[in-house]
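Residue numbers (the working numbering): -19 to 80.
By construction, the Cβ of each residue, glycine as well, lies at the ideal position given by its N, Cα and C atoms.
Some notes on the structure that comes next.
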């Protein structure tokens, strides 16, 4: 539930924009993974894996994800699970927002 908490630091104009984001907006939106990690990493009682999941949930097995370009075993299992759920939600949602 916390994987996208970093979106709270992204402009509502970008987060709620209908349709496709331009290149600059896309780069801003991609920062949500880093922002989420920064928000979660020092909260007492939250396991480090939760912050890491927020950071890595857009990484991909082939290394083509973001923000760090991690691949395969370099991606935490929880982030891989959340990535699948995130893609499913984007594909089945009527919001029109695609997974970046």
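Check, Outcome
"Sequence-distant residues of its chain with Cβ nearer than 8 Å to residue 13 (five each side left out)", "-14, 34, 35, 36, 37, 38, 46 and 47"
"Sub-7 Å separation of residue 9 and residue -10 beta-carbons", "yes"
"Burial state of residue 50, where buried means 16 or more other Cβ atoms lie within 10 Å", "buried"
"Local Cβ density within 10 Å of residue 65, reported as buried at 16 or more and exposed below that", "exposed"
"For residue -16 and residue 25, believed in contact at Cβ under 8 Å, the rounded distance", "Contact flag wrong, Cβ pair sits at about 20 Å."
"Residue 36 (DSSP reduced to helix, strand or coil)", "helix"
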